[in-house]
Amino acid sequence: LEDAWWNLWLRFAGPDLSVLPGLDLVEVDRVASWTAGNRIVYFGPETVKVSFDAKTGMLGGNYVDKAKGVNVTFGGVLLQEQGLVTGRYATPAWFGKASGLFSAEPREAD
89 LEDAWWNLWL RFAGPDLSVL PGLDLVEVDR VASWTAGNRI VYFGPETVKV
139 SFDAKTGMLG GNYVDKAKGV NVTFGGVLLQ EQGLVTGRYA TPAWFGKASG
189 LFSAEPREAD
């Protein structure tokens with residue numbers, strides 16, 4: 089990735105991510121920064137916590153958007169040749185144990 093701010097897309101796609109009735113939220117895209125020190129930083133009203141293990145290529149975390157009723161955990165693995173992290177997200181057990189696609193990929197500068 090280019091060493092710049094807002095160089096990463098965090099993407100969630102699949103079944104409804106929200107527990108709120110009447111809100112059908114099947115896709116969420118958020119912009120984050122993957123720093124040269126392998127920290128992933130998010131600036132926004134939602135809570136996004138991400139950790140990355142450079143030794144194993146594993147990435148994991150959680151995404152919470154209280155206003156939209158979203159609370160998911162996610163994880164994936166870095167496919168270095170493709171420049172992509174791919175994996176899954178899971179909703180809380182009390183919500184019905186749904187899961188969907190999680191990915192993190194480079195974002196081109198505007």
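In this note's numbering, the protein residues as written are 89 to 198.
Glycine included, each C-beta is placed from N, C-alpha and C at the ideal position.
Bear in mind the structure is a predicted one, so any value in this text is a computation, not a measurement.
request  = Please list, in chain order, all residues of the same chain as Leu98 whose beta carbon is under 6 Å from its beta carbon, the five residues on each side excluded.
outcome  = For this step, residue 98 is matched to residue 10 along the sequence shown. Arg118, Ala120, Ala192, listed in sequence order.
key: Segment contact, 8 Å Cβ cut-off, at least three pairs: the segment 124-133 with the segment 158-170   = Contact check between the segment 124-133 and the segment 158-170: fewer than three CB pairs, one atom from each, fall below 8 Å, which does not count as touching.
Straight-line Cα distance separating Asp104 from Trp122 = Locating residue 122 in the sequence shown gives position 34, counting from the first residue. Locating residue 104 in the sequence shown gives position 16, counting from the first residue. Rounded to whole angstroms, Trp122 to Asp104 spans 27 Å at the Cα level.
Collapsed DSSP secondary structure at Ala142 in the structure displayed = Numbered from its first residue, the sequence shown carries residue 142 at position 54. Reduced to three states, the DSSP call for Ala142 is coil.
key: Beta-carbon contacts of Pro180 that lie in its chain and below 7 Å, excluding the five residues immediately before and after   = Residue numbering aside, residue 180 sits at position 92 when the sequence shown is read from its first letter. Within the same chain, Cβ atoms closer than 7 Å to the Cβ of Pro180 are found at Asn159, the five residues on either side in sequence being excluded.
inquiry  = Could you tell me the alpha carbon to alpha carbon distance between Gly175 and Gly110, rounded to whole angstroms?
reply    = The count along the sequence shown starts at 1 and reaches residue 175 at position 87. The count along the sequence shown starts at 1 and reaches residue 110 at position 22. The straight-line gap from Cα to Cα measures roughly 27 Å.
message = Tell me the rounded alpha-carbon separation between Lys137 and Gly149.
response = Position 49 of the sequence shown holds residue 137. Position 61 of the sequence shown holds residue 149. Whole-angstrom Cα-Cα distance: 5 Å.
key: For Lys185, the three-state DSSP class (helix, strand or coil)   = Position 97 of the sequence shown, counted from the first residue, corresponds to residue 185. In this structure, DSSP gives Lys185 a state outside helix and strand, which the three-state scheme calls coil.
Proximal residues to Asp112 (C-beta, below 8 Å), its chain only, five neighbours per side dropped = What you label residue 112 is simply residue 24 of the sequence shown in a count that begins at 1. Asp104, Ser106, listed in sequence order.
Within the segment 112-171, ranges of the alpha helix (DSSP H) (whole runs, at least 4 residues) = Within the segment 112-171, no complete alpha helix (DSSP H) run reaches 4 residues.
inquiry  = Using C-beta distances below 8 Å, list every residue in its chain close to Ala142, excluding the 5 sequence neighbours before and after it, in chain order.
reply    = Taking the first residue of the sequence shown as 1, we reach residue 142 at position 54. Cβ neighbours of Ala142 beyond the five flanking positions: Asn126.
ask   = In terms of residue numbering, what span does the beta strand (DSSP E) encompassing Ala199 cover?
value = It is not possible to answer for residue 199, since the shown part of the chain is limited to 89 through 198.
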